[in-house]
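Note that the working numbering gives residue 47 to position 39 of the sequence shown, counting from 1, and the numbers run on in steps of one. The beta-carbon is built from N, C-alpha and C at its ideal position, and this holds for glycine as well. Given the structure is predicted, the values throughout are model-derived calculations rather than measurements.
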Amino acid sequence: MKLSNVCILLICHFASFIPFIIGTTAFNLTLPHQHPDPEAVAEDVKRQDLYIHLVLAHFMVLHHGRVNASLSRRNLLSIQEKDQCQTGNPIDDCWRCDPNWASNRQRLADCSIGFGQGSLGGRGGQIYVVTDSSDHNPANPTPGTLRYAVIQDQPLWIIFSSDMVIKLKHELIFNSYKTIDGRGANVHVTGNGCITLQYVTHIIIHNIHVHHCKPSGNTNIASSPTHVGRRGESDGDGISISGSQKIWIDHCSLSYCTDGLIDAILGSTAITISNSHFTHHNEVMLLGHNDKYLLDSGMQVTIAFNHFGVGLVQRMPRCRRGYIHVVNNDFTAWEMYAIGGSANPTINSQGNRYTAPADDNAKEVTKRVDTNEVEWADWNWRTDEDILVNGAFFVPSGAGLSAQYSKASSVEPRSARLITELTMNAGVFGDPRNCNSKIVKMNSSRKGIAKPRKGFKPWLLLWVASLFCDCFIWTAHDPDAHDPDADTAGPWARLDRSSAPYAASPTTYPLSH
Numbered sequence: 009m010k011l012s013n014v015c016i017l018l019i020c021h022f023a024s025f026i027p028f029i030i031g032t033t034a035f036n037l038t039l040p041h042q043h044p045d046p047e048a049v050a051e052d053v054k055r056q057d058l059y060i061h062l063v064l065a066h067f068m069v070l071h072h073g074r075v076n077a078s079l080s081r082r083n084l085l086s087i088q089e090k091d092q093c094q095t096g097n098p099i100d101d102c103w104r105c106d107p108n109w110a111s112n113r114q115r116l117a118d119c120s121i122g123f124g125q126g127s128l129g130g131r132g133g134q135i136y137v138v139t140d141s142s143d144h145n146p147a148n149p150t151p152g153t154l155r156y157a158v159i160q161d162q163p164l165w166i167i168f169s170s171d172m173v174i175k176l177k178h179e180l181i182f183n184s185y186k187t188i189d190g191r192g193a194n195v196h197v198t199g200n201g202c203i204t205l206q207y208v209t210h211i212i213i214h215n216i217h218v219h220h221c222k223p224s225g226n227t228n229i230a231s232s233p234t235h236v237g238r239r240g241e242s243d244g245d246g247i248s249i250s251g252s253q254k255i256w257i258d259h260c261s262l263s264y265c266t267d268g269l270i271d272a273i274l275g276s277t278a279i280t281i282s283n284s285h286f287t288h289h290n291e292v293m294l295l296g297h298n299d300k301y302l303l304d305s306g307m308q309v310t311i312a313f314n315h316f317g318v319g320l321v322q323r324m325p326r327c328r329r330g331y332i333h334v335v336n337n338d339f340t341a342w343e344m345y346a347i348g349g350s351a352n353p354t355i356n357s358q359g360n361r362y363t364a365p366a367d368d369n370a371k372e373v374t375k376r377v378d379t380n381e382v383e384w385a386d387w388n389w390r391t392d393e394d395i396l397v398n399g400a401f402f403v404p405s406g407a408g409l410s411a412q413y414s415k416a417s418s419v420e421p422r423s424a425r426l427i428t429e430l431t432m433n434a435g436v437f438g439d440p441r442n443c444n445s446k447i448v449k450m451n452s453s454r455k456g457i458a459k460p461r462k463g464f465k466p467w468l469l470l471w472v473a474s475l476f477c478d479c480f481i482w483t484a485h486d487p488d489a490h491d492p493d494a495d496t497a498g499p500w501a502r503l504d505r506s507s508a509p510y511a512a513s514p515t516t517y518p519l520s521h
């Protein structure tokens with residue numbers, strides 16, 4: 009029997025064990041006492057079938073010599089890399105699987121979801137590189153600083169030349185159409201005032217730390233190149249959103265602020281807060297100015313794929329009026345409650361994992377603030393396919409009909425059984441809790457994005473067998489021998505050349521007044 013035929017039989021023999029391996033893997037990935045996700049299993053089976061067909065096709069090509077075998081190897085490796093990158097998180101899967109993401113940073117704006125979808129940030133504008141971490145004069149900021157960038161009138165996509173800690177002298181007031189893109193650098197915003205989004209639109213804040221923010225004010229601060237105004241004292245929020253819309257906060261790490269980590273008030277709407285990591289804080293997130301402020305009745309906010317971690321007390325979020333979609337988040341503990349509200353907000357909780365604290369008096373996820381049951385019984389609060397752990401319980405209210413939640417539905421929820429995978433990269437890339445998915449920095453000798461570690465893949469058996477048989481077949485027939493475009497360094501050469509340089513986009517700094 010020819011060697012190539014033996015190889016094909018060997019692959020078929022491996023393939024016969026795939027159903028057993030798939031079944032074992034699927035069951036091991038589920039939480040205790042739960043059935044496996046049938047959709048995930050079905051998708052896994054489809055992937056295994058695809059790999060089997062690709063490998064068999066690969067050997068048929070080698071056997072008959074009809075096309076260049078190196079093309080088959082390249083296709084197999086390409087599909088393998090893409091599968092390893094996918095996490096099921098629609099935001100991350102949108103851009104992180106592109107090894108050349110750094111050459112087209114502004115594509116990130118296409119990846120937003122939820123009520124903040126369509127937030128353009130600085131898309132279409134110039135790239136501005138922050139080279140100076142100082143904040144000496146908030147009324148007349150220095151070119152090259154972050155403050156100088158965010159007050160400009162034109163759209164800007166703002167990146168950072170290196171790691172930096174930006175200690176603010178006073179609150180950082182944004183103009184519209186700005187993106188802060190911290191990918192590739194370790195950026196901390198801290199100090200007095202922190203980030204203020206006041207009556208602006210189209211803002212993206214991505215991949216930065218915001219912490220230890222304190223009240224400040226009673227001073228003059230520039231809010232545009234032509235306007236300097238007197239500011240009263242700020243609250244000490246990490247990110248303060250007032251009267252603004254089309255806001256997307258993604259992959260940020262927030263902690264230790266005087267007031268809230270994120271507050272959205274005074275008619276703000278069309279907001280998505282996603283993939284962020286919240287720790288060490290009392291009043292985490294406030295949505296709504298006060299119970300009597302009617303303009304907040306139309307507020308729509310999506311809170312998705314976040315990790316609410318250690319040292320949190322309450323307000324994750326605390327809602328006044330509006331429509332709030334809390335979807336696929338991981339709440340790992342709280343001291344008082346997780347989700348609270350007053351003034352009849354609509355809260356749609358779907359596909360989250362709520363892990364209650366050890367305190368028997370704090371097991372309830374929900375809290376109606378300063379309201380009696382007769383009043384809140386008609387409020388539309390629901391739990392839909394949430395996982396409740398360690399005695400956690402969610403008290404629903406209202407009609408419970410899906411039609412009542414149409415204005416509080418913004419993205420299709422994933423299964424809560426996938427929460428660990430969906431939120432494993434929450435926060436700034438490279439933080440300890442997601443170090444396996446670190447984005448390589450500008451000055452690194454490696455390029456692109458480090459692939460996250462994955463579990464055992466059954467198709468690896470097929471691929472190893474493929475390489476084993478290739479070694480014998482190539483000795484008799486090397487299809488790359490006369491191919492000037494072949495991967496002369498072998499099938500792994502493509503992986504080393506796949507990433508674009510980090511700062512491929514043009515830079516413009518400083519800008520003229």
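Item	Value
Between which two residues does the alpha helix (DSSP H) containing D101 stretch?	98 to 103
How long is the line joining the alpha carbons of S252 and L409, rounded to whole angstroms?	31 Å
Evaluate A431 with the Cβ neighbour count: other Cβ atoms within 10 Å of its Cβ, from every protein chain shown; 16 or more gives buried, anything less gives exposed.	A small correction: the amino acid at residue 431 is Thr; Ala does not occupy that position in the sequence shown. Classification of T431: buried, given that the 10 Å Cβ count is 16 or more.
Hey, could you find the ends of the alpha helix (DSSP H) A157 is sitting in?	154 to 158
In terms of residues, what are the limits of the alpha helix (DSSP H) holding E429?	427 to 431
If you reduce the DSSP assignment to three classes, tell me which class L409 lands in.	coil
For A379 and A385, what's the separation of their Cα atoms in angstroms?	Inspection of the sequence shows that residue 379 is occupied by Thr rather than by Ala. When rounded, the distance between both Cα atoms is 10 Å.
Can you check whether the CB of G359 is closer than 8 Å to the CB of P440?	no
From V419, A364, P353, S170, pick the residue whose C-alpha is nearest to that of W389; which is it?	P353
Leaving out the 5 sequence neighbours to the left and right, which residues in its chain are closer than 8 Å to P365 when beta-carbon positions are compared?	A341, W342, E343, K371, N398
Name the DSSP beta bridge partners of W165, please?	I135, T187
Under the three-state reduction of DSSP, which class applies to D392: helix, strand or coil?	strand
For A117 versus V138, is the C-beta distance shorter than 8 Å?	no
If we call anything under 8 Å between Cβ atoms a contact, is I311 one with N337?	yes
Run the proximity test for H333: is its beta-carbon closer than 7 Å to any non-hydrogen atom belonging to the ligand HEM?	What this structure holds is no ligand at all, so the ligand HEM is not there to describe.
In whole angstroms, what is the alpha-carbon distance linking I188 and V373?	33 Å
From the DSSP output, in three-state form, read off R113 for me.	helix
Check K375 in the structure and name its three-state DSSP category.	strand
Here's the rule: buried if 16 or more other CB atoms are within 10 angstroms of the residue's CB, otherwise exposed. What is D243?	buried
8 Å is my cut-off, CB to CB: does G359 come that close to chain D?	Among the chains in the structure shown there is no chain D, since it carries only a single protein chain.
Between which two residues does the beta strand (DSSP E) harbouring E383 extend?	Run containing E383: none in the beta strand (DSSP E); it sits in the alpha helix (DSSP H), 381 to 384.
Using three-state DSSP, classify L294 as helix, strand or coil.	strand
Could you tell me which of G122, W103, G152 sits nearest to H333, measuring between CA atoms?	G122
Classify G126: buried if its beta carbon has 16 or more other beta carbons within 10 angstroms, exposed otherwise.	exposed
In three-state DSSP terms, what is G122?	helix
Buried or exposed: where does K300 fall if 16 or more other Cβ atoms within 10 Å of its Cβ makes it buried?	exposed
Let's test the definition: count the other Cβ atoms within 10 Å of the Cβ of V195 and tell me whether it reaches 16, buried, or not, exposed.	buried
So V419 is in the beta strand (DSSP E); what residue range does that whole segment cover?	It is not in any beta strand (DSSP E) - V419 carries neither H nor E in the DSSP assignment.
Under 8 Å between the Cβ atoms of I211 and F182?	yes
So what does DSSP say about N6, is it helix, strand or coil?	What the structure shows of the chain is the stretch from 9 to 521, and residue 6 is not part of that stretch, so it cannot be assessed.
Check whether the Cβ atoms of V419 and H259 lie closer than 8 Å to each other.	no
Grab me the residues of D161's own chain with a C-beta within less than 7 Å of its C-beta, minus the 5 sequence neighbours each way, in chain order.	N183, S232, P233
Helix, strand or coil for L176, going by three-state DSSP, please let me know.	strand
Nearest-angstrom Cα distance between H220 and W256?	22 Å
Nearest-angstrom Cα distance between E383 and R328?	14 Å
Between V377 and G330, which are expected to be in contact by the criterion C-beta below 8 Å, what is the C-beta distance as a whole number of angstroms?	Their Cβ separation, rounded to whole angstroms, is 14 Å, which puts V377 and G330 out of contact at 8 Å.
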